[in-house]
Structures are given as C-alpha cells and as structure tokens.
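Working notes, structure below.
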Amino acid sequence: MRALVAAVAALAAHPLHTTLTELRYQDGDRVVEVTVRAFADDVRAAVGRELTDSTAFGYLRRTFTLSDRAGRPLGVAWCGLRRSDDVVWLCLRAAAPDGTSGLRIRAGLLFDLYRDQINIVQVTARGRRAVLLFTRDEAPKPLP
Amino acid sequence: MSELWAFVTLGFRHITDVAAMDHILFLLALAVIYRLRDWRDALWVVSAFTVGHSVTLALAVTGALVLPTRLIEFLIPVTIVATCVENLVVRRRRGATGGGRYRPVFAGVFGLVHGAGFANYLRSLFVDRVALPLFGFNVGIEMGQIVVLLLAGVALAALDRVLLLVTRPQGVGAVRLRVVAVSTFVALVAARWAVERSPF
Chain A
1 MRALVAAVAA LAAHPLHTTL TELRYQDGDR VVEVTVRAFA DDVRAAVGRE
51 LTDSTAFGYL RRTFTLSDRA GRPLGVAWCG LRRSDDVVWL CLRAAAPDGT
101 SGLRIRAGLL FDLYRDQINI VQVTARGRRA VLLFTRDEAP KPLP
Chain B
1 MSELWAFVTL GFRHITDVAA MDHILFLLAL AVIYRLRDWR DALWVVSAFT
51 VGHSVTLALA VTGALVLPTR LIEFLIPVTI VATCVENLVV RRRRGATGGG
101 RYRPVFAGVF GLVHGAGFAN YLRSLFVDRV ALPLFGFNVG IEMGQIVVLL
151 LAGVALAALD RVLLLVTRPQ GVGAVRLRVV AVSTFVALVA ARWAVERSPF
C-alpha cells in the first residue's frame, strides 16, 4: 500500500509542460524569424548549465530544426535571448528565399526532459495563420 | 490545425495525461460516491467544479487576480483530502445537511483553487493574446474531464462487481467499501503531496 501511494504520488507533477514558438515569414527580407517562449527553469535544466546566448543557441540548434523540401537544414542565425520573469524568449532567423512553401519544421525542445511536453508553433506567413503541435517522437511537419 | 483547436488539444491532453494526476484524483474523489444511476448528482457536482475552475482561470490569466503559486500548489491536494474526508465521514447522503446538496458548493469552491493552478502557466506564456488560448485550453480541460469521469464510472462499476464477490450480494456494502477504499487511498496520496508542497 505504501509503495502504491508513493508511486501514484510521484505522478503529481501538474505543471503544464509546453513552449510557444512564433514563426513569422517576413516577405520583404525573405527571412523566417522564430521566437521561442519557454519557462526559464525548464530550458536551464535541459541545457544543464546557466543560460547564456551561447548555451541557449546551442540547445536550440540541437532541438529545433527547419529544413527545406529536400530535407537539408536551413542555416540559422541567433538573434538573441531575453528574460521576462520566469520565461525566456529565444530568437532565431533563417534565410528562406523561396518563402515557406516546402519548408519543414520540428520543435523538439524539452522532449528530453518531459514525457508530456507539447510544443506549440504559431505560423504566420503571407497573412495566414496556422498552428502546429509537436509531441515527443513526432517527425518534422511541413509548414502550412 | 486551427489555433483554437490546438489549444483545445493542449487542454485535453494535459488533463488526460497521468502527469496531471492531482486533477484526475480530485475528479475521482468527487465521483466515487456515485453509482451510475446517480449520474445527475455527479453531473451537478462536476459542473459546479467546472464553473469554479473556469472563473479563477479566467480571472488569474487575465491578471485580475494574482495568486501565490506555492500556496495554490499546496491548496490543491488539501481540497482533495477534504473531499475524501467528506466521502468517509458522511455515510448517509439523504440524511446529510441539506440532503447532501452542499456538495456542488464544495466542488465549486474547490474548483476555484484548481483553476488557479493552471493560470500561472498560461499567463506566463501567452502574455499578449490570452483570450483564445484561455478559451481553447478550458474547453479542452472540460472535454478531458468528461472522458476521465466516464472512465472512472466504468472502472468503479467494475470494482463494485469485484467487491460484490467479497461482500454481501445486495451491493450496499460493496459501494460503501468502494468509497472507503478509494477515498482512503486518494487521501493518502494527496496528503503526501500537501506535505511536500507545504509553504509553511
């Protein structure tokens, strides 16, 4: 009985394990800008070190992929880290001269940390909005 | 996927995941005293919980109400223990105060506490546009609760059948035994959480 109580009690983790990513295609510059909002504690735990531009960028490059229709990863540039209370904002940019058509994305942040992690990606391109959800073990998805 | 449906999915998955065990156990504690034929009473109680839960979620996410996270995280298991204690203490519902009709009020008040539990997470992430995520997430939560309750109803009915084999064939003893067993177990788990999360 004690073991069963302890086992169920261990499942108490009620936090909402999610991140919110906004992906915007900027027509003028032909650039995709990605902003990830995540809880700072979670990202710090996943990175395993203090959050700096360098550690955050390294983690994002490992877990967030943006590839073209042939499956080649797009080159991404870091555009900064911002903290606001318990949330961090991480920013990436990638050149997309042909627009978002055919691009594939996978937001795999924190899957190594939480089994129930769900990452939300809000896509805005050419005046249209759509949302993608990513759960663990999901393959990259085409941008809508 | 539409934006609204994404947040409905998020709420639904969150509540039906075993990681949200405190919410699931609270629903179980609310439902355990009812038999399938008492579904109307169960619906009243769960609806009251939903109303309370939605009110605080809306107030807290929009910033109209600021609640200390540690206190809320502590109060959530306390509400579960209180529900279980009520299950154990009140043996005859018909003879209870107000014919046991205070239970939806209890559930509504406890729902206020549980709603605040989600609010801090939503408010932190969806700082600029919170209305749609809030609405979608809440709809998903309610849909998930219905699924959890249906599964709990089936599981409890199955438990009754097993208990009938070890108690008297009339079934009265079986339901009481079910209430005692489930409420005791859930109370022990929640008490452990309350101790772990105590801000004092």
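First to last, the sequence lines map onto chains A and B.
Last residue of the first sequence: 144 (the working numbering), numbering continuous.
Last residue of the second sequence: 200 (the working numbering), numbering continuous.
Don't be surprised by glycine CBs; every beta carbon is placed ideally from N, CA and C.
- Query: How about F64(A) and A107(A): are their beta carbons less than 8 Å apart?
  - Reply: Yes, the Cβ-Cβ distance between F64(A) and A107(A) is below 8 Å.
- Query: If you run the structure through DSSP and keep just helix, strand and coil, what is E50(A)?
  - Reply: The answer is coil: DSSP assigns E50(A) none of H, G, I, E or B.
- Neighbourhood of A13(A) by C-beta, 7 Å cutoff - its chain only, sequence neighbours within 5 removed: In this prediction, A13(A) has a pLDDT of 49, which is less than 50 and means its spatial position is unreliable; what the coordinates show is noted afterwards. Around A13(A): no qualifying Cβ.
- Under 8 Å by Cβ, that's how I've got V186(B) and C84(B) pegged, so tell me the actual separation to the nearest angstrom. About 5 Å separates the two Cβ atoms, so the contact holds.
- Message: Which residues of the segment 133–158 of chain B have a Cβ closer than 7 Å to any Cβ of chain A? Give them in chain order.
- Response: Per Cβ criterion, the list is empty.
- Message: Taking the alpha helix (DSSP H) that I105(A) belongs to, which residues open and close that run?
- Response: Per DSSP, I105(A) lies in no alpha helix (DSSP H); the unbroken beta strand (DSSP E) holding it starts and ends at 104–107.
- Message: Does V31(A) come out as helix, strand or coil in the three-state DSSP assignment?
- Response: Look at V31(A) here: in three-state DSSP terms it is strand.
- Determine the burial state of G28(A): buried for a count of at least 16 other Cβ atoms within 10 Å of its Cβ, exposed for fewer. Under this definition G28(A) is an exposed residue.
- Query: So the alpha helix (DSSP H) V154(B) belongs to, where does it begin and stop?
  - Reply: It spans 131–166 - the alpha helix (DSSP H) in which V154(B) sits, taken as one unbroken run.
- Excluding five sequence neighbours on each side, which residues of the same chain lie with their C-beta closer than 8 Å to the C-beta of L110(A)? Excluding sequence neighbours, L110(A) sits near H17, T19, A38, D42, V43, A46, T63, Q117, N119.
- Close beta carbons around H53(B), own chain, < 6 Å, minus the five adjacent residues each side: G111, H114, G115.
- Does L125(B) get closer than 8 Å to chain A when you measure Cβ to Cβ? Taking 8 Å as the threshold, the shortest C-beta distance from L125(B) to chain A falls below it.
- Task: In angstroms with no decimal places, state the Cα-to-Cα distance between L165(B) and D41(B).
- Result: L165(B) and D41(B): Cα-Cα distance of roughly 27 Å.
- Task: Report the rounded CA-to-CA distance for S124(B) versus L113(A), giving the unit in angstroms.
- Result: If you take the alpha carbons of S124(B) and L113(A), they lie about 20 Å apart.
- Task: Go ahead and label Y102(B) buried or exposed: buried means 16 or more other beta carbons lie within 10 angstroms of its beta carbon, across all protein chains shown.
- Result: Answer is exposed; the Cβ neighbour count stays below 16.
- Task: For D116(A), return the contacting residues in chain B, with the cut-off set at a CB-CB distance below 9 Å.
- Result: Ordered by position in chain B, the residues that pass the 9 Å Cβ test against D116(A) are R13, H14, D17, V18, A19, A20.
- According to a CB-to-CB cut-off of less than 9 Å, which residues of the segment 17–46 of chain A neighbour chain B? From the segment 17–46 of chain A, only H17, T18, T19, L20, R37, A38, F39 have a Cβ closer than 9 Å to chain B.
- Task: Inspect the CB distances between the segment 75–92 of chain B and the segment 190–200 of chain B and report whether three or more fall short of 8 Å.
- Result: With a cut-off of 8 Å, the segment 190–200 of chain B and the segment 75–92 of chain B count as touching, because enough Cβ pairs lie within range.
- Message: Is there a C-beta anywhere in chain B that falls below 8 Å from the one on P142(A)?
- Response: Cβ-Cβ to chain B under 8 Å: no for P142(A).
- Item | Reduced DSSP secondary structure (H/G/I, E/B, other) of Y25(A) | In the three-state scheme derived from DSSP, where H, G and I count as helix and E and B as strand, Y25(A) is classed as strand.
- Looking only at its own chain, which residues have a Cβ that is under 7 Å from the Cβ of M58(B), when we skip the five neighbours before and after it? Note that residue 58(B) is Ala in the sequence shown, not Met. For A58(B), where only same-chain residues beyond five positions count, the Cβ hits under 7 Å are L134.
- Message: Quick check: the Cα distance between G108(B) and A48(B), rounded to an integer number of angstroms?
- Response: The straight-line gap from Cα to Cα measures roughly 5 Å.
- Message: Would G163(B) pass as an interface residue toward chain A - the criterion being a Cβ-Cβ separation below 8 Å?
- Response: Going by the sequence as given, residue 163(B) is Leu instead of Gly. Interface annotation, L163(B): not in contact with chain A, CB-CB separation never under 8 Å.
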